[in-house]
Structures are given as structure tokens and as C-alpha cells.
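Take a look at the structure set out below.
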Amino acid sequence: MSSFNQRTKTSNELIGLLSNYYWNTSEIKDMNQIVHFEYGYETHIDYSVQNKLRLRQSRTAKHIRFAPDFLVFRTDKENSDFLLEYKVTKTPRYKFGNKQWNYGQIEADALENYLNLLSMGICVAVVIYCPYHSRPLLCGIPDRTWIYGGRQSTFSSSGSGTDYYNIDLSVIPEFSSFMKSYLGIPLDTTDNLLNKGFFNLLKNNPLLGTTHARSSTYNNPRYSTGFNWTGK
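Counting in my numbering, the sequence shown runs from 1400 upward without gaps.
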């Protein structure tokens, strides 16, 4: 399986769990009048066209490829509309030492596209699940304070790879805090829905666990998924 397909499968696993345990519940859909709707590139463009677009490097093609896949708004609240994307970052950068737990990764082209959309007045938020961070489920509106260092490159055996940025997870709000501040969903509503049982599902899901680099000295049970989660 390609790295892109693996990332898509992992993100879809997270989206499915959040849809079942949060977005599609009566507390969110009915009591809080929240609409969470998929409309984007990966969900509404033919797969053969997706494959062709991946080979194109124009700004237009990248805009389509990296556009967020969901729209969210509260029907009884003006100006609550935002585009939403989901990202999962599972592999700590062990070379960062004890700081590795505070940094994740995001595709560089994707983040740059979100920043471009925001500069045009289009609201974009990103849900980030990071199984090795003390606050594993985050959500925020990206800005350049997220970026730690410069654009990074990875290379596969074929000589190509996906550029990425390291991002500082400590500056990104928790999911529940963002839902409260942006959509007015009470903290206790989100916390009751995304409770310890929900986070146990994440912790025990093989697609959503921490994946240490083979050469990492942290690749042992002491640093398994959830070892540093606070209150989860």
C-alpha cells in the first residue's frame, strides 16, 4: 500500500470513529444543530482523476488535491462555517529527545494550501490526532506559529517523497476547547461523548497507535500509545 493510501486509510478510521461517537449523535446534530458534511476531493472526485491530479504540480492542481474534505457549521449561528480536515501523526521524531512528544508532522503542501485559503478569508480548521501527545485529540485554525523549523523532505526508494513540516502541538487547542469556542458546544457535552471509553477505542485500534522508528530507543512498551495521556 502506498504511503498516501495508508494515510488515507488511517484518517478515514479516525473520521469514522468521530462520526459515530460525536458528529452523528443527537447531542451534536439535534441539540447543538451542527452540520458536518463531506464534500471534498477524496470523497467526490473519481479515483482515476485523483491519480492523474497527484502527478500534477501546478498551484491549481494542489489547491484541489489539498482542499479540506469537510464543511462544518452551526445552523443557528451566523459565521460559524468552516472547512475541516483530519490529520493523524503517529511517528515521533526520536532525534528530538524528550521534546519529541510535543511535535507532529503535516504534509507541507496541505498546510500551505490551508494558509492560502485563510489569507483569502476562508476559514479552515484541522483536527489532529497524535497518539503520543499528552492531549491526543486537537483542533485549531492553522497559522505559521504551528511550524517548527523549515520545510522537510523525505525520500522513498524511488527517489521521491512527500515534503512535510514539523508542527508544535503545544500551541494547538484541544478538540473540546475548539468546539466550545467556535461552535458553542459545551465542554461537558464533548467530554461526555468523547470519554475514556472512546479514547480506549483509539488506544486499542491498530491503525491509530504510535509507530516508533525502528532505530528509536523509545521503541518499547514503556512508550506505547497513551503512556502520557492526561485524563484520558
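For each residue, glycine too, the CB sits at the ideal point set by N, CA and C.
Between the alpha carbons of Gly1520 and Asn1411 lies a gap of roughly 28 Å.
When C-beta atoms of the segment 1601-1619 are compared with those of the segment 1501-1513, fewer than three pairs fall below 8 Å, so the two segments do not count as touching. Residue nearest to Arg1613 within the set Asp1468, Ile1433, Thr1490 and Ser1418 is Thr1490 (criterion: CA-CA distance). Relative to Lys1602, the option among Ile1584, Gly1548 and Tyr1528 whose CA is nearest is Tyr1528. In this chain, Phe1472 is not harboured by any alpha helix (DSSP H); it is covered by the beta strand (DSSP E) spanning Phe1469 to Arg1473. In the three-state reduction of the DSSP assignment, Phe1597 falls in the helix class, which pools H, G and I.
Proximity to His1532 across Tyr1581, Lys1408 and Glu1573 peaks at Glu1573, based on C-alpha coordinates. In the structure shown, Ala1507 adopts helical secondary structure according to DSSP, grouped into three states.
Annotated as distal: Ile1414 and Val1471, with beta-carbon spacing of 8 Å or more. Three or more Cβ pairs drawn from the segment 1581-1594 and the segment 1424-1433 lie within less than 8 Å of each other, which places the two stretches in contact. Closest in alpha carbon position to Lys1595, among Lys1486, Arg1406, Gly1496 and Gly1630, is Gly1630.
Burial check for Phe1436: the Cβ neighbour count within 10 Å stays below 16, so the residue is exposed.
Ranked by how close their Cα comes to the Cα of Gly1539, the residues Ser1518, Gly1548 and Phe1577 have Phe1577 in first place.
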